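**Student:** Structure provided below as C-alpha coordinates; questions to follow.
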Amino acid sequence: MNLYAPILVLGGIALAFGVVSLVMGALTGPKRYNRAKLEAYECGIEPTPQPVGGGRFPVKYYLTAMLFIVFDIEIVFLYPWAVYFDSLGMFGLVEMAMFVAAVFVAYAYLWRRGGLEWD
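Take 21 as the starting number for the sequence shown in my numbering and just add one per residue.
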(Lines of atoms letter the chains of each structure in order from A and count residues from 1; the text may use other names and numbers.)
(Lines give C-alpha, C1' and ligand atoms only; values in the text may rest on other atoms or scores of the structure.)
Protein backbone atom coordinates (compact mmCIF):
# COMPACT_ATOMS: atom_id res chain seq x y z
CA MET A 1 0.00 0.00 0.00
CA ASN A 2 2.94 2.35 0.64
CA LEU A 3 3.80 2.26 -3.06
CA TYR A 4 0.38 3.60 -4.03
CA ALA A 5 0.18 6.33 -1.38
CA PRO A 6 1.85 9.07 -3.49
CA ILE A 7 -0.45 8.28 -6.43
CA LEU A 8 -3.53 8.41 -4.20
CA VAL A 9 -2.38 11.68 -2.60
CA LEU A 10 -1.74 13.24 -6.02
CA GLY A 11 -5.15 12.06 -7.23
CA GLY A 12 -6.79 13.52 -4.14
CA ILE A 13 -5.03 16.86 -4.62
CA ALA A 14 -6.05 16.96 -8.28
CA LEU A 15 -9.67 16.14 -7.42
CA ALA A 16 -9.75 18.74 -4.64
CA PHE A 17 -8.25 21.38 -6.93
CA GLY A 18 -10.88 20.70 -9.59
CA VAL A 19 -13.78 20.76 -7.16
CA VAL A 20 -12.56 23.89 -5.34
CA SER A 21 -11.97 25.69 -8.67
CA LEU A 22 -15.50 24.94 -9.88
CA VAL A 23 -17.16 25.86 -6.59
CA MET A 24 -15.19 29.11 -6.21
CA GLY A 25 -15.94 30.09 -9.80
CA ALA A 26 -19.64 29.45 -9.29
CA LEU A 27 -19.75 31.38 -6.01
CA THR A 28 -17.63 34.39 -6.92
CA GLY A 29 -18.27 34.77 -10.64
CA PRO A 30 -20.66 37.35 -12.10
CA LYS A 31 -24.19 36.21 -12.78
CA ARG A 32 -25.49 38.65 -15.40
CA TYR A 33 -27.38 36.42 -17.78
CA ASN A 34 -29.14 37.71 -20.85
CA ARG A 35 -30.57 36.22 -24.02
CA ALA A 36 -27.35 36.67 -26.02
CA LYS A 37 -25.19 34.92 -23.42
CA LEU A 38 -27.48 31.91 -23.24
CA GLU A 39 -27.41 31.31 -27.01
CA ALA A 40 -24.94 29.00 -28.69
CA TYR A 41 -21.90 30.80 -30.08
CA GLU A 42 -20.65 29.83 -33.53
CA CYS A 43 -17.67 32.12 -34.21
CA GLY A 44 -19.75 35.24 -34.72
CA ILE A 45 -22.07 33.60 -37.24
CA GLU A 46 -25.76 33.45 -36.49
CA PRO A 47 -26.54 29.98 -35.10
CA THR A 48 -28.25 27.68 -37.54
CA PRO A 49 -31.59 26.33 -36.39
CA GLN A 50 -31.41 22.81 -34.97
CA PRO A 51 -34.15 20.19 -34.91
CA VAL A 52 -35.88 19.61 -31.59
CA GLY A 53 -34.10 16.30 -30.95
CA GLY A 54 -30.70 17.70 -31.92
CA GLY A 55 -28.87 17.60 -35.22
CA ARG A 56 -26.93 14.77 -36.76
CA PHE A 57 -23.15 15.02 -36.85
CA PRO A 58 -21.51 14.39 -40.20
CA VAL A 59 -19.45 11.23 -40.58
CA LYS A 60 -16.32 13.36 -41.16
CA TYR A 61 -16.49 14.45 -37.53
CA TYR A 62 -16.16 10.86 -36.34
CA LEU A 63 -13.50 10.05 -38.93
CA THR A 64 -11.39 12.99 -37.76
CA ALA A 65 -11.79 11.90 -34.15
CA MET A 66 -10.83 8.34 -35.07
CA LEU A 67 -7.78 9.60 -36.98
CA PHE A 68 -6.64 11.57 -33.95
CA ILE A 69 -7.10 8.59 -31.62
CA VAL A 70 -5.28 6.20 -33.95
CA PHE A 71 -2.19 8.38 -34.23
CA ASP A 72 -2.30 9.43 -30.58
CA ILE A 73 -2.28 5.81 -29.45
CA GLU A 74 0.44 4.98 -31.94
CA ILE A 75 2.74 7.66 -30.55
CA VAL A 76 2.05 6.59 -26.96
CA PHE A 77 3.23 3.06 -27.78
CA LEU A 78 6.14 4.07 -30.04
CA TYR A 79 8.00 6.14 -27.43
CA PRO A 80 8.59 3.34 -24.88
CA TRP A 81 9.40 0.94 -27.71
CA ALA A 82 12.02 3.33 -29.07
CA VAL A 83 13.61 3.68 -25.62
CA TYR A 84 13.94 -0.09 -25.10
CA PHE A 85 14.53 -1.03 -28.74
CA ASP A 86 18.01 -2.48 -28.16
CA SER A 87 16.95 -4.72 -25.28
CA LEU A 88 13.82 -6.06 -27.01
CA GLY A 89 15.66 -7.60 -29.95
CA MET A 90 13.83 -9.36 -32.76
CA PHE A 91 10.73 -9.93 -30.60
CA GLY A 92 10.27 -6.17 -30.16
CA LEU A 93 10.78 -5.54 -33.86
CA VAL A 94 8.17 -8.13 -34.89
CA GLU A 95 5.67 -6.93 -32.29
CA MET A 96 6.05 -3.32 -33.40
CA ALA A 97 5.74 -4.31 -37.05
CA MET A 98 2.43 -6.03 -36.22
CA PHE A 99 1.27 -2.96 -34.28
CA VAL A 100 2.18 -0.58 -37.10
CA ALA A 101 0.39 -2.88 -39.55
CA ALA A 102 -2.77 -2.71 -37.42
CA VAL A 103 -2.48 1.09 -37.27
CA PHE A 104 -1.99 1.17 -41.03
CA VAL A 105 -5.25 -0.76 -41.49
CA ALA A 106 -7.09 1.96 -39.55
CA TYR A 107 -5.30 4.63 -41.57
CA ALA A 108 -6.22 2.92 -44.85
CA TYR A 109 -9.85 2.71 -43.73
CA LEU A 110 -9.91 6.43 -42.95
CA TRP A 111 -8.25 7.25 -46.24
CA ARG A 112 -10.73 5.09 -48.16
CA ARG A 113 -13.72 6.70 -46.39
CA GLY A 114 -12.48 10.19 -47.27
CA GLY A 115 -11.41 11.23 -43.78
CA LEU A 116 -8.33 13.00 -45.10
CA GLU A 117 -10.14 15.13 -47.69
CA TRP A 118 -11.24 18.58 -46.56
CA ASP A 119 -14.02 20.24 -48.52
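Note that the Cβ used here is the ideal one computed from N, Cα and C, for glycine as well.
Quantities reported herein were computed from a predicted structural model and do not represent experimental measurements.
Does the stretch 91-102 come close enough to the stretch 38-46 that 3 or more CB-CB pairs lie under 8 Å?
**Tutor:** No, the stretch 38-46 does not touch the stretch 91-102.
**Student:** Could you give the first and the last residue of the continuous alpha helix (DSSP H) run that contains ARG52?
**Tutor:** Premise fails: ARG52 is in no alpha helix (DSSP H) and is neither H nor E.
**Student:** Have a look at GLU137 and CYS63 and give me their C-alpha separation to the nearest angstrom.
**Tutor:** Taking the straight line joining both Cα atoms gives about 23 Å.
**Student:** Does the Cβ-Cβ distance between LEU83 and GLY38 come in under 8 Å?
**Tutor:** No, they are not a contact pair.
**Student:** Distance check for LEU42 and GLY32, CA to CA, integer angstroms please.
**Tutor:** Between GLY32 and LEU42, the C-alpha separation is close to 15 Å.
**Student:** Please report the distance separating the alpha-carbon of ARG132 from that of VAL125.
**Tutor:** Cα to Cα, the separation comes out at about 10 Å.
**Student:** By the three-class DSSP mapping on this structure, what secondary structure does MET21 have?
**Tutor:** Reduced to three states, the DSSP call for MET21 is coil.
**Student:** With distances taken between CB atoms, is the gap from GLU94 to VAL123 smaller than 8 Å?
**Tutor:** Contact flag set, yes.
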